[in-house]
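Quick note: the sequence shown uses the numbering used here, first residue 8, plus one each step. Backbone N, C-alpha and C fix where the C-beta goes; we use that ideal spot for every residue, glycine too. So the structure is just underneath, and the comments pick up after that.
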Amino acid sequence: MWLKTSVSRVPRATAVADSRHFRGARPGGVAYCHDDGVWIKNCTVLLLSFTLLACFPLTAAEIMQTEKIDIAKVWAGHPVDFAIKTANNFQYVAYYDSTRRMVVAERTIGSNTWSYTVLPTTTGWDSHNYIEMAIDDSGYIHVSGNMHNASSLVYFRSKKPWAIESFSTPGMIGTQEGSITYPVFIKGGENQLIFQYRDGGSGSGTTIWNGYDVTTKKWRRITSQGLLDGEGQVNAYQTSPVPGPDGFFHIIWMWRNTPVANTNHHLSHMKSKNLSTWLTMAGAELTMPVKQSTPGVVVDPVESGHGLINMDFWISWDTRDRAVVTYHRYDDDDISQIFNTRWEGNAWKIRQTSGWTGFKWNLDREGSLSHDIAASPLTVDESGALVQNYIYRNSEVRRWVLDEATLTPKSDGIYEPPEAMKELYVVESQFPGMQINRKQDGEYYLRWETMPINQDKERASGTYPSSSMLRVYRFTAATSARNGLFLAASGGIALEKDRHRIVISRLRGVSGYAGPFSAALFTIDGRFVAGQSSGNAGCCVIPLRRLQRGIYIIQVIPDPCGNDEPEALLTERLVIY
8 MWLKTSVSRV
18 PRATAVADSR
28 HFRGARPGGV
38 AYCHDDGVWI
48 KNCTVLLLSF
58 TLLACFPLTA
68 AEIMQTEKID
78 IAKVWAGHPV
88 DFAIKTANNF
98 QYVAYYDSTR
108 RMVVAERTIG
118 SNTWSYTVLP
128 TTTGWDSHNY
138 IEMAIDDSGY
148 IHVSGNMHNA
158 SSLVYFRSKK
168 PWAIESFSTP
178 GMIGTQEGSI
188 TYPVFIKGGE
198 NQLIFQYRDG
208 GSGSGTTIWN
218 GYDVTTKKWR
228 RITSQGLLDG
238 EGQVNAYQTS
248 PVPGPDGFFH
258 IIWMWRNTPV
268 ANTNHHLSHM
278 KSKNLSTWLT
288 MAGAELTMPV
298 KQSTPGVVVD
308 PVESGHGLIN
318 MDFWISWDTR
328 DRAVVTYHRY
338 DDDDISQIFN
348 TRWEGNAWKI
358 RQTSGWTGFK
368 WNLDREGSLS
378 HDIAASPLTV
388 DESGALVQNY
398 IYRNSEVRRW
408 VLDEATLTPK
418 SDGIYEPPEA
428 MKELYVVESQ
438 FPGMQINRKQ
448 DGEYYLRWET
458 MPINQDKERA
468 SGTYPSSSML
478 RVYRFTAATS
488 ARNGLFLAAS
498 GGIALEKDRH
508 RIVISRLRGV
518 SGYAGPFSAA
528 LFTIDGRFVA
538 GQSSGNAGCC
548 VIPLRRLQRG
558 IYIIQVIPDP
568 CGNDEPEALL
578 TERLVIY
C-alpha cells in the first residue's frame, strides 16, 4: 500500500482525462496526454500518429519496448478506428475482426492470453463507423460504434464489472436517436461518464449529451436542447472537453453547411468548470444551446469555402499557459496553411505558422478524406523548446521548433521516432498500398494495417487483403540504463543494479537514515514482485534471474515502519534486461 503515495515522486509520463490533446511539460517536468480520439470522429480516421513522443518528454534512449502481443486478425479492407482501455490490471480492446464483426478482447496485464466476445453488429465500408469504449467507476464496460447516420443506437454494456463474457443492450434515452453519428464517451467533472453524439446529418445536426448514473445504471439527458444547435441549417464538428491548466474544460468547434468538407466555417471556442455552465474565453456566460448567432465564441471567422477542415484541429497551451488553437485553412492567396491562433491580451490573435506555396488541398468532396496536411498540438520537447509535428502533402512526418513569440518556425526537420518505437512505423504487409494505423492508451499502442481511406466506398474483390494482425505494444520511459548498470542514491540509501541482481545498501559517511530498511520491487502497474530486508547488516540483495524483461519500480522504506504509511527513503524506476 505504501507504494501508492511514494511512487508519485518517480518521473514518468502521466495520462489525464479525456483528450487527445497534448500539453508539454516544462524541462524536468511531466508531459500530459490522453487518447479519447474525439477529433477522429469529426470526419475521418487518422492515418498517422506523429505525436508519440508527447507522452515521453525524454530522450529516445530512455524509451524501451516492454511488451509486444498479438491480439487477433482484423479487417484490412479500409481503415476504421478501434478502441483500447487499460484499468484495474485489465486491458480491453474493441475492434472489427477479419469478417468485420465487432469484437471485444480482454487480458490481464502481464498475460499474453486474450479472451474474446463477439458483439451483434457488423460494419460496412464506412470509415466513420469507429468503435468507442469506456469503463465506468463501477467497472462496467460500455461499447458503442458502427454508427454513421444510424437509424438506431448501437450500444452495449457488460453484465458484470471488469468482465466481457456477456453484454446487454440496455439503451439510453429513446428520443433523438433516429440519426446517430460520432458517438464519444467522455469523463466529466467528478469522473461522470457522458455520452456525446450528433443527432441529425452533416449540415443539419445537434450535439447531444447523456449522463450516466453508476448507482441506478441509467442514462439521463444532460442537454435538453443540445449543446451545439445547428437549428436545422448547419451542424457542429467539435472536440471533446479538454482540461486546461486554468482549471477549465475547453471545447473548440466549427459549423458546417453541407456534407461537403469545404463548407466548414467559423472556428469557435467555449470553456466550463463543470461541463454545465459554459463561458466565452473572456469569461461571459453563454446561453445554451450555443448557436451560430451566439456572441463572443469565434476564434477565427473563416467563411465557408476557405479550407477550414474538421480534421486535426486542436487546443493546446504554450509554456506561458496561453491557449493555442491549431487548424488548417487557406491563406489570402488561396494556399493551404497551418494556423496557430493564440489567446493574447483578451483576444484571439490569428497567427499563420506555415509558409507554403503552390498547393491547395482540395476539400470540395464528401466522405472520409485522407490527410494531405495535418499538424499536431503544441508540446514542449526535452530541451524546453516549443515544438509541433506536421505532415505536408502526405510526406514524412516533420517537426517545427517554434518561436514562441510569433509561433513561426525557427527550424524545420524530419521527425525521427525513438529507435524502440520505429516498429510502429514500418509496414509489414507485402500487399501493395497498405498503411499503418495506431491507437494510443497511455504507454500502450495498438497497431494494425489496412488499405487507405476510399471515401467510404466498397473496394472490388481482390484489391485488398483479407486481414492483418492487430497487436498491442507497450513503451515505457526508464530513468537511466547505461550498459546494464544502474546507480542511484537518496536518503542515505544507495542501489546498484547489474544484469543479475540489485544491491541496496546504506551510504557510509553520508548523513541520512542509519537504521534497518526493507526494499521492494514492483511492476510498473504496482504489483509486488520481490523484496528483502537489510536487518542489521545495512544491505540486502534482490536477485533478478527469474524476472521478465521490462520496467520496474524499486522502493526502500524504514524497517520496521509501524502502522503508518512510511515515507520512502528511495524510489526509482529501472530497466531489467
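>> Tell me which residue opens and which closes the beta strand (DSSP E) that His-378 is part of.
In response: No beta strand (DSSP E) contains His-378, which DSSP labels as neither H nor E.
> Along the chain, which unbroken stretches of the alpha helix (DSSP H) at least 4 residues long are found entirely within the stretch 347 to 422?
Replying inline: none
> On the premise that Val-309 lies in contact with Leu-315, defined as a C-beta separation below 8 Å, what is that separation, rounded to the nearest angstrom?
Replying inline: 4 Å
>> What residue range does the beta strand (DSSP E) around Asn-119 cover?
In response: Element bounds for Asn-119: n/a, residue is neither H nor E.
> Going by the beta-carbon positions, is the gap between Ser-474 and Ala-83 smaller than 7 Å?
Replying inline: yes
>> Starting from Asp-448, trace the beta strand (DSSP E) in both directions and tell me its first and last residue.
In response: 442 to 448
> Going by alpha carbons, who is nearest to Gly-449 out of Leu-234, Trp-368, Ile-91?
Replying inline: Ile-91
> Since Leu-576 contacts Pro-565 with CB under 8 Å, what's their CB separation in whole angstroms?
Replying inline: 7 Å
> Does the beta-carbon distance from Val-433 to Tyr-451 come in below 7 Å?
Replying inline: no
> Can you name, in chain order, every residue of its own chain whose Cβ lies under 7 Å from the Cβ of Glu-587, other than the five neighbours on each side?
Replying inline: Residue 587 falls outside the range modelled here, since the chain spans only 8 to 584, and no answer is possible.
>> Using 8 Å for Cβ pairs, my map puts Pro-384 next to Ser-343. What's the rounded Cβ distance?
In response: So it is not a contact: roughly 19 Å between Cβ atoms.
> Are there three or more Cβ pairs, one per stretch, closer than 8 Å when the stretch 346 to 362 is compared with the stretch 239 to 257?
Replying inline: no
>> Considering only DSSP beta bridges, list what Glu-579 is partnered with.
In response: Ile-561
>> Does the contact criterion of 3 or more C-beta pairs under 8 Å hold for the stretch 127 to 143 versus the stretch 85 to 103?
In response: yes
> Which full runs of the beta strand (DSSP E) of 3+ residues lie inside the stretch 179 to 242, going along the chain?
Replying inline: 187 to 194, 200 to 208, 211 to 220, 225 to 228
> Between Ala-381 and the rest of its own chain, which residues show a CB-CB distance below 6 Å, the 5 nearest in sequence each way excluded?
Replying inline: Asp-319, Ile-398
> Can you tell me the Cα-Cα spacing of Val-387 and Trp-407, whole angstroms?
Replying inline: 11 Å
> Applying the criterion that 16 or more other CB atoms from any shown protein chain within 10 Å of the CB defines a buried residue, is Asn-281 buried or exposed?
Replying inline: exposed
>> So the candidates are Asp-236, Asp-410, Ser-468, Gly-146; which of them puts its Cα closest to the Cα of Asn-264?
In response: Asp-236
>> Please report the distance separating the alpha-carbon of Trp-216 from that of Lys-225.
In response: 14 Å
>> Using only CA atoms, which one of His-85, Arg-405, Ser-151 lies nearest to Ser-468?
In response: His-85
> Taking 6 Å as the cut-off, does the CB of Lys-356 come closer than this to any heavy atom belonging to the ligand COA?
Replying inline: Although the ligand COA was asked about, the structure shown includes no ligands whatsoever.
> So, is Lys-446 buried or exposed, given that buried needs 16 or more other C-beta atoms within 10 angstroms?
Replying inline: buried
> Count the other CB atoms within 10 Å of the CB of Thr-470; is the residue buried (16 or more) or exposed (fewer)?
Replying inline: exposed
> Using the C-alpha atoms, what's the distance from Lys-504 back to Arg-453?
Replying inline: Sequence inspection shows Leu at residue 453; the Arg mentioned does not correspond to that position. If you take the alpha carbons of Leu-453 and Lys-504, they lie about 32 Å apart.
> According to the neighbour-count rule (16 or more other Cβ atoms, all chains shown, within 10 Å of its Cβ), is Lys-194 buried or exposed?
Replying inline: buried
>> Taking the straight line between their C-alpha atoms, what separation do you get for Lys-429 and Gly-210?
In response: 40 Å
> In angstroms, rounded to a whole number, what distance separates the CA positions of Ala-289 and Ala-412?
Replying inline: 21 Å
> Looking at the structure shown, is Asn-269 part of a helix, part of a strand, or coil, going by DSSP?
Replying inline: helix
> So Lys-80 packs on Ser-105, CB below 8 Å; how close in whole Å?
Replying inline: 5 Å
>> Quick check: the Cα distance between Phe-3 and Ile-187, rounded to an integer number of angstroms?
In response: Any answer about residue 3 is impossible in this case: the structure gives the chain only from 8 up to 584.
> The beta strand (DSSP E) spanning His-85 covers which residue range?
Replying inline: No beta strand (DSSP E) holds His-85; DSSP gives it neither H nor E.
> In terms of residue numbering, what span does the beta strand (DSSP E) encompassing Lys-504 cover?
Replying inline: 500 to 504
> Whole-angstrom Cβ separation of His-276 and Ile-259, contact assumed at under 8 Å?
Replying inline: 5 Å
> beta strand (DSSP E) containing Glu-456: first to last residue?
Replying inline: 451 to 457
> In three-state terms, what does DSSP make of Cys-62?
Replying inline: Residue placement at Cys-62 is poorly supported in this model, since its pLDDT is 36, which falls under 50; the coordinates still yield a value, given next. Cys-62: helix per DSSP, three-state reduction.
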